[in-house]
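**Student:** Following this message is one structure expressed as structure tokens.
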Amino acid sequence: MGSQTQPAAAKIPTVDLSKENLKPGTEAWLLASKEIQYALEEYGCFEAIYHKVPLELHNSTFSALEELFNLPLETKMQNTSDRPYHSYFGQYSFLPLYESMGIDNPTTLEGAQGFTNIMWPAGNNKFCKSAQSFSKLVAELDEMVTKMVFEVYGVERLYESHMASTTYLLRCFKYRTRQLNETDMGIHPHKDKTFTSILHQNEINGLQIKTKDGQWIDVEPSPSTFLVMAGDAFMAWSNDRSMTNIPYGTSRLIIFGFLLYNKTPEGMKSECPIKDYCGV
Numbered sequence: 013m014g015s016q017t018q019p020a021a022a023k024i025p026t027v028d029l030s031k032e033n034l035k036p037g038t039e040a041w042l043l044a045s046k047e048i049q050y051a052l053e054e055y056g057c058f059e060a061i062y063h064k065v066p067l068e069l070h071n072s073t074f075s076a077l078e079e080l081f082n083l084p085l086e087t088k089m090q091n092t093s094d095r096p097y098h099s100y101f102g103q104y105s106f107l108p109l110y111e112s113m114g115i116d117n118p119t120t121l122e123g124a125q126g127f128t129n130i131m132w133p134a135g136n137n138k139f140c141k142s143a144q145s146f147s148k149l150v151a152e153l154d155e156m157v158t159k160m161v162f163e164v165y166g167v168e169r170l171y172e173s174h175m176a177s178t179t180y181l182l183r184c185f186k187y188r189t190r191q192l193n194e195t196d197m198g199i200h201p202h203k204d205k206t207f208t209s210i211l212h213q214n215e216i217n218g219l220q221i222k223t224k225d226g227q228w229i230d231v232e233p234s235p236s237t238f239l240v241m242a243g244d245a246f247m248a249w250s251n252d253r254s255m256t257n258i259p260y261g262t263s264r265l266i267i268f269g270f271l272l273y274n275k276t277p278e279g280m281k282s283e284c285p286i287k288d289y290c291g292v
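Everything in the sequence shown is counted per our numbering, starting at 13 for the first residue and increasing by one.
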């Protein structure tokens, strides 16, 4: 009897955004834009190969994050906000492994320094520098992807005003090792309400993405890859041509989530801010 061939495991599309000739208007730019469009419409996400974040910065940022989560609970709970997902979250019985914190406007010195001063009143320049440097480079990745998306959908005229009316949040996640009789689920499957989210994890593999046909795909960690995900707002903006993925985390995982929000008063109140903004 002949052996049966097993179907190949599904993989998240990968787009190389580190090529030197990747400039607006070039053939390489158009090709990458089409690859991103396909990935977002079919999978709701893609892995971006992006070498602008040096390995040294990758390592120092995750080291700083370990230091942050090792702070006393009463200190971490000083990370407060009246906006959802922008403050400390943790110590809940229904999500025992999950802990997260948010840094508003991390690409600016004021944002990074303001958060740092709350966590370390005596100062922590290393943390502040790592968080801001990392955020600025990932913001450049987001700006590139957003520009490609606006162009490929024929609304490039709206790109500048769109970026001017948005703000960033650096969301830091940690999933501790589970104890006896605890679930291995770090956080329940969910969809992001943002326009886009960019995730970057450490060397512990524990992040999965659910495809539209119900498959769970592992996201392999790498210092030079970033998971770019379409949020609910992007799905509305693209007239539902992209799908929103459902990430799922297991324990022992540290992730940076770089979230793009609309910062106008109307955008903060709207369930679909990008759809309202673009009028689609």
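Glycine is no exception: its CB is placed at the ideal position from the N, C-alpha and C atoms.
Where does the unbroken alpha helix (DSSP H) through Leu170 begin, and where does it stop?
**Tutor:** From DSSP, Leu170 is part of no alpha helix (DSSP H); its letter is neither H nor E.
**Student:** Let me check understanding here. Comparing Cα to Cα, which of Asn82, Ile229, Thr208, Gly226 lies closest to Lys159?
**Tutor:** Selected option, being the one with the closest Cα: Thr208.
**Student:** Put Pro285 into one of helix, strand or coil per three-state DSSP.
**Tutor:** In this prediction, Pro285 scores a pLDDT of 41, lower than 50, which makes its location untrustworthy; the coordinate-derived value is nonetheless stated afterwards. It is helical.
**Student:** With a Cβ-Cβ cutoff of 7 Å, do Ser72 and Ser142 count as a contact?
**Tutor:** Yes, the pair counts as a contact, with Cβ atoms nearer than the cut-off.
**Student:** Just tell me which of Glu39, Lys35, Lys64, Phe162 has its CA closest to the CA of Leu149.
**Tutor:** If we check each option's Cα against that of Leu149, Lys64 comes out closest.
**Student:** Tell me, to the nearest whole angstrom, how far the beta carbon of Arg183 is from that of Ser112; I am working on the premise that it is less than 8 Å.
**Tutor:** Yes, Arg183 and Ser112 are in contact; Cβ-Cβ is about 6 Å, under 8 Å.
**Student:** Give me whichever residues DSSP pairs with Leu239 in a beta bridge.
**Tutor:** Answer is Glu59, Leu211, bridged to Leu239.
**Student:** Which residues in the same chain have their Cβ closer than 6 Å to the Cβ of Thr128, if we skip the five residues on either side of it in sequence?
**Tutor:** For Thr128, where only same-chain residues beyond five positions count, the Cβ hits under 6 Å are Asn136, Phe139, Cys140.
**Student:** Taking the alpha-carbon positions, what's the Leu265 to Pro36 distance?
**Tutor:** Because Leu265 sits at a pLDDT of 38, beneath the cut-off of 50, its placement in the model cannot be relied upon, and the following sentence gives the value as read from the coordinates. Cα-Cα distance, rounded: 36 Å.
**Student:** Give a yes or no on whether the C-beta atoms belonging to Val240 and Ala60 are separated by under 7 Å.
**Tutor:** Yes.
**Student:** What does the Cβ neighbour count give for Trp41, buried or exposed, with the cut at 16 atoms within 10 Å?
**Tutor:** By the neighbour-count rule (16 or more Cβ atoms within 10 Å), Trp41 is buried.
**Student:** Here's the rule: buried if 16 or more other CB atoms are within 10 angstroms of the residue's CB, otherwise exposed. What is Pro118?
**Tutor:** Its Cβ being crowded by 16 or more others within 10 Å, Pro118 is buried.
**Student:** Could you check if Lys224 is buried or exposed, using at least 16 other CB atoms within 10 Å of its CB as the buried criterion?
**Tutor:** By the 10 Å Cβ count, Lys224 comes out exposed.
**Student:** Is the beta carbon of Tyr62 sitting closer than 7 Å to the one on Phe238?
**Tutor:** Contact: yes.
**Student:** Candidates Asp28, Ser236, Ala51, Gln103: which alpha carbon is nearest Asn214's?
**Tutor:** Closest by alpha carbon: Ser236.
**Student:** Comparing C-alpha positions only, which one of Ser99, Tyr187, Lys88 sits nearest to Pro108?
**Tutor:** That would be Tyr187, whose Cα lies nearest to the Cα of Pro108.
**Student:** At the level of alpha carbons, what is the spacing between Ser99 and Met175?
**Tutor:** Looking at the two C-alpha atoms, the distance is approximately 24 Å.
**Student:** Looking only at C-alpha atoms, which of Glu86, Phe58, Leu34 sits nearest to Leu211?
**Tutor:** Selected option, being the one with the closest Cα: Phe58.
**Student:** Could you tell me which residues DSSP pairs with Lys23 in its beta bridges?
**Tutor:** Answer by DSSP bridge pairing: none, since Lys23 is not bridged.
**Student:** The alpha helix (DSSP H) that contains Gln90, what's its start and end?
**Tutor:** First-last for Gln90: undefined, no H or E at that position.
**Student:** With a cut-off of 8 Å on the beta carbons, I'd call Ser75 and Glu163 a contact; round off their distance for me.
**Tutor:** That belief does not hold up - the Cβ atoms of Ser75 and Glu163 are roughly 37 Å apart, past 8 Å.
**Student:** Where do the N-terminal and C-terminal ends of the alpha helix (DSSP H) with Val231 fall, by residue?
**Tutor:** Run containing Val231: none in the alpha helix (DSSP H); it sits in the beta strand (DSSP E), 228-231.
**Student:** Going by C-alpha to C-alpha distance, which of Leu43, Phe81, Ser234, Ala22 sits closest to Val157?
**Tutor:** Selected option, being the one with the closest Cα: Leu43.
**Student:** Just the C-alpha distance for Ser145 and Leu69, rounded to the nearest angstrom, thanks.
**Tutor:** C-alpha separation (whole angstroms): 8 Å.
**Student:** Taking Cβ positions, are Gln227 and Ala51 nearer each other than 7 Å?
**Tutor:** For Gln227 and Ala51, no; Cβs fall outside 7 Å.
**Student:** Hey, quick one: how far does the beta strand (DSSP E) through Leu219 stretch, first residue to last?
**Tutor:** Leu219 -> beta strand (DSSP E) spans 219-222.
**Student:** Give the list of continuous alpha helix (DSSP H) stretches no shorter than 4 residues that lie fully inside the segment 122-178.
**Tutor:** Within the segment 122-178, the complete alpha helix (DSSP H) runs of at least 4 residues are 137-164, 171-176.
**Student:** Is Leu77 helix, strand or coil by DSSP?
**Tutor:** If DSSP states are grouped into helix, strand and coil, Leu77 belongs with the helices.
**Student:** Quick check on Leu109: does DSSP put it in helix, strand or coil?
**Tutor:** Looking at Leu109 - three-state DSSP - the assignment turns out to be strand.
**Student:** Cutting at 6 Å between CB atoms, please list the residues of its own chain near Ile171, excluding the five before and the five after it.
**Tutor:** Reading off the sequence, residue 171 comes out as Tyr, not Ile. For Tyr171, where only same-chain residues beyond five positions count, the Cβ hits under 6 Å are Lys159, Phe162.
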